[in-house]
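Residues in the sequence shown are numbered consecutively from 12, following the working numbering.
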Amino acid sequence: MATPYRFTLGPWNIHPGADPFGPPVRPPVPFDDVLAAAVDLRFDGIQFHDDDAVPNLENLAPEALVREAREMRKRLDDLGLVPEFVAPRLWEHTHGIDGGYTSNCPAARTWAIERSKRAVDVALALGCSLIVMWPAREGTAVRESKNPIAASGQMLEAIDAILAAAPEVRIAIEPKPNEPVDHAFVPTIGHALALGARASDPARVGVLIETAHAILAGLDPSDEMGFALAAGKLWSVHLNDQNGLKFDQDKVFGAANLRGAFDQVRVLEAGRYADTGAFIGFDVKAQRTQRAGAATAHLATSRRIFELLVAKVRSFPERQAAECIATRDYESLERLVLEHLLAA
Ligand code: XUL
Ligand code: MN
Numbered sequence: 012m013a014t015p016y017r018f019t020l021g022p023w024n025i026h027p028g029a030d031p032f033g034p035p036v037r038p039p040v041p042f043d044d045v046l047a048a049a050v051d052l053r054f055d056g057i058q059f060h061d062d063d064a065v066p067n068l069e070n071l072a073p074e075a076l077v078r079e080a081r082e083m084r085k086r087l088d089d090l091g092l093v094p095e096f097v098a099p100r101l102w103e104h105t106h107g108i109d110g111g112y113t114s115n116c117p118a119a120r121t122w123a124i125e126r127s128k129r130a131v132d133v134a135l136a137l138g139c140s141l142i143v144m145w146p147a148r149e150g151t152a153v154r155e156s157k158n159p160i161a162a163s164g165q166m167l168e169a170i171d172a173i174l175a176a177a178p179e180v181r182i183a184i185e186p187k188p189n190e191p192v193d194h195a196f197v198p199t200i201g202h203a204l205a206l207g208a209r210a211s212d213p214a215r216v217g218v219l220i221e222t223a224h225a226i227l228a229g230l231d232p233s234d235e236m237g238f239a240l241a242a243g244k245l246w247s248v249h250l251n252d253q254n255g256l257k258f259d260q261d262k263v264f265g266a267a268n269l270r271g272a273f274d275q276v277r278v279l280e281a282g283r284y285a286d287t288g289a290f291i292g293f294d295v296k297a298q299r300t301q302r303a304g305a306a307t308a309h310l311a312t313s314r315r316i317f318e319l320l321v322a323k324v325r326s327f328p329e330r331q332a333a334e335c336i337a338t339r340d341y342e343s344l345e346r347l348v349l350e351h352l353l354a355a
């Protein structure tokens, strides 16, 4: 019996539709409704930004922060949901305007580390030990504005400070090559793993791979996943899709490249990802044109496509494929894959 996949969503996936060119088009969704949607969609857990779990966490005394996080944990427990991870949200704060960990301002760097330690407190009180580090503004718009050698050291300092906050904490770095910055300092899985290998405790640093981020780096997401799986470092995924090199679209999984989605599911199956206990997370945005009542359809579709692709992977004619490979008949392999994807 294969281990069942477990699914998570982030509250930011159920959003009111603002984009850089227009305001929200749907009313904000109260957190209780997000949790209710997760239950309705038969998801297993929630991905958190630190202030999703504890709003206003910067202005709370440590005991109040823990109390609020425990209340959120109770709300999750009551609904049969689990927390997957907590990500410090550095990129919206005024102190994070030029990046947090790699800011040119020493006070902002100190703030970023302190905020990340608060995210650890939130995670532990919620009952999870995984911190996701998406280094959003850790990069440059003007290349000469920061020193990339110093920036590597600063990223490492932040990683080590988070690891030192508690022995059970693990970090999954979520690399992205651009947006909101022009060039990010940790653009790919290779960079993330290389940085993790230099940490004070490399065993506690892994990665989260987002489909769209790999595509934006010009890479094949399934190869990125394979690379991380081979190292035992794929600790979460953000499945979605991306139509070429533009802004991060967070489209429904499989919506732009169904074969690419098949390949991602295939590598997750081959690497026995479900057995590792890690979750299938989606990072998908509802289209701006979507009416409020149906603003979770993108999550339902992403999960449905994932499950249909699991079935496609499991019914793939592996023996025939192996014959094609043995005879280096890659044209026949190409056809086998395409016909299999098109078969009812
Ligand atoms: C941004 C992105 C983030 C992270 C979590 O592109 O993917 O939402 O997944 O902070
Ligand atoms: Mn993501």
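Every residue gets a Cβ at the ideal spot worked out from N, C-alpha and C, and that includes glycine. Predicted, not measured: the structure shown is a model, and the values here were computed from it.
Could you compute how far the alpha carbon of residue i sits from the alpha carbon of residue j?
{"i": "A208", "j": "V216", "result": "8 Å"}
{"i": "L87", "j": "V45", "result": "11 Å"}
{"i": "K262", "j": "H60", "result": "20 Å"}
{"i": "S163", "j": "A205", "result": "11 Å"}
{"i": "L269", "j": "K323", "result": "11 Å"}
{"i": "H194", "j": "M12", "result": "44 Å"}
{"i": "N254", "j": "F317", "result": "18 Å"}
{"i": "D62", "j": "A130", "result": "8 Å"}
{"i": "T356", "j": "D231", "result": "With the chain running from 12 to 355 in the structure shown, residue 356 is simply not present."}
{"i": "T121", "j": "V248", "result": "29 Å"}
{"i": "E74", "j": "A332", "result": "58 Å"}
{"i": "R277", "j": "S326", "result": "11 Å"}
{"i": "P35", "j": "G150", "result": "28 Å"}
{"i": "E190", "j": "S127", "result": "21 Å"}
{"i": "V348", "j": "L68", "result": "50 Å"}
{"i": "I336", "j": "L344", "result": "7 Å"}
{"i": "Q298", "j": "W102", "result": "23 Å"}
{"i": "A306", "j": "A172", "result": "38 Å"}
{"i": "R181", "j": "R346", "result": "42 Å"}
{"i": "P94", "j": "K85", "result": "11 Å"}
{"i": "A118", "j": "H351", "result": "56 Å"}
{"i": "G237", "j": "P328", "result": "21 Å"}
{"i": "K257", "j": "E334", "result": "39 Å"}
{"i": "A223", "j": "R330", "result": "32 Å"}
{"i": "P66", "j": "I25", "result": "17 Å"}
{"i": "F42", "j": "A303", "result": "15 Å"}
{"i": "G201", "j": "W246", "result": "15 Å"}
{"i": "N70", "j": "L76", "result": "9 Å"}
{"i": "W23", "j": "Y341", "result": "42 Å"}
Am I right that residue i and residue j are in contact with their C-beta atoms under 8 Å? What's the rounded C-beta distance?
{"i": "F5", "j": "L310", "result": "Because the chain spans 12 through 355 in this model, residue 5 falls outside it and cannot be assessed."}
{"i": "V218", "j": "F264", "result": "So it is not a contact: roughly 19 Å between Cβ atoms."}
{"i": "P31", "j": "P38", "result": "P31 to P38, Cβ: 20 Å. No contact."}
{"i": "F293", "j": "R17", "result": "Contact doesn't hold; Cβ gap of about 12 Å is too wide."}
{"i": "P251", "j": "E221", "result": "The identity of residue 251 in the sequence shown is Asn, whereas the question assumes Pro. 7 Å between Cβ atoms; contact."}
{"i": "A123", "j": "A161", "result": "Between A161 and A123 the Cβ distance is about 15 Å, and since that is not below 8 Å, they are no contact."}
{"i": "E179", "j": "S233", "result": "Contact flag wrong, Cβ pair sits at about 31 Å."}
{"i": "V50", "j": "L20", "result": "With 8 Å as the limit, V50 and L20 do not qualify as a contact, their Cβ atoms being about 11 Å apart."}
{"i": "M166", "j": "T113", "result": "7 Å"}
{"i": "L52", "j": "R314", "result": "7 Å"}
{"i": "V192", "j": "A152", "result": "6 Å"}
{"i": "E235", "j": "A242", "result": "At roughly 11 Å, the Cβ-Cβ gap does not stay under 8 Å, so E235 and A242 are not in contact."}
{"i": "A396", "j": "V97", "result": "Within the shown structure, residues of the chain are numbered from 12 to 355, placing residue 396 beyond reach of any answer."}
{"i": "T199", "j": "A176", "result": "The pair is not a contact, with the Cβ atoms about 26 Å apart (cut-off 8 Å)."}
At a cut-off of 7 Å, would you count residue i as near the ligand COA, judging by its Cβ distance to the nearest heavy atom?
{"i": "A98", "result": "Absence of the ligand COA from the depicted structure is noted, with the ligand XUL and the ligand MN being the only ligands included."}
query: Can you find at least 3 beta carbon pairs, one from the region 46-62 and one from the region 276-285, that sit closer than 8 Å?
result: These segments do not touch.
query: Which residue spans inside the region 147-184 form an unbroken alpha helix (DSSP H) run of at least 4?
result: Runs found: 159-176.
- prompt: Whose beta carbon lies closer than 6 Å to any heavy atom of the ligand MN, going through the chain in order?
  reply: That gives E185, E221, H249 and D294.
query: With contact counted as at least three CB pairs below 8 Å, one residue from each stretch, are the region 99-114 and the region 155-174 in contact?
result: Contact holds between the region 99-114 and the region 155-174, because three or more Cβ pairs, one in each stretch, are under 8 Å apart.
message: Could you check whether the region 185-197 touches the region 134-145, counting it as contact only if at least three pairs of C-beta atoms, one from each stretch, sit closer than 8 Å?
response: With the cut-off at 8 Å, the region 185-197 and the region 134-145 touch.
task: Count the CB pairs spanning the region 260-280 and the region 199-213 that are closer than 8 Å, and state whether there are at least three.
output: Contact between the region 260-280 and the region 199-213 is absent, because fewer than three Cβ pairs lie under 8 Å.
task: Scan the region 209-294 and note each continuous alpha helix (DSSP H) run of 4 residues or more that stays entirely inside, going in chain order.
output: Runs found: 222-227, 232-241 and 269-281.
message: So, does the region 68-84 touch the region 128-137, judging by three or more C-beta pairs under 8 Å?
response: Yes, the region 68-84 touches the region 128-137.
- request: Entirely within the region 292-352 and at least 4 residues each: give me those alpha helix (DSSP H) ranges in chain order.
  value: Correct list: 308-325 and 329-337.
message: Suppose only complete runs of 3+ residues qualify. What are the beta strand (DSSP E) ranges in the region 86-141, listed by chain order?
response: Listed in chain order, they are 93-98.
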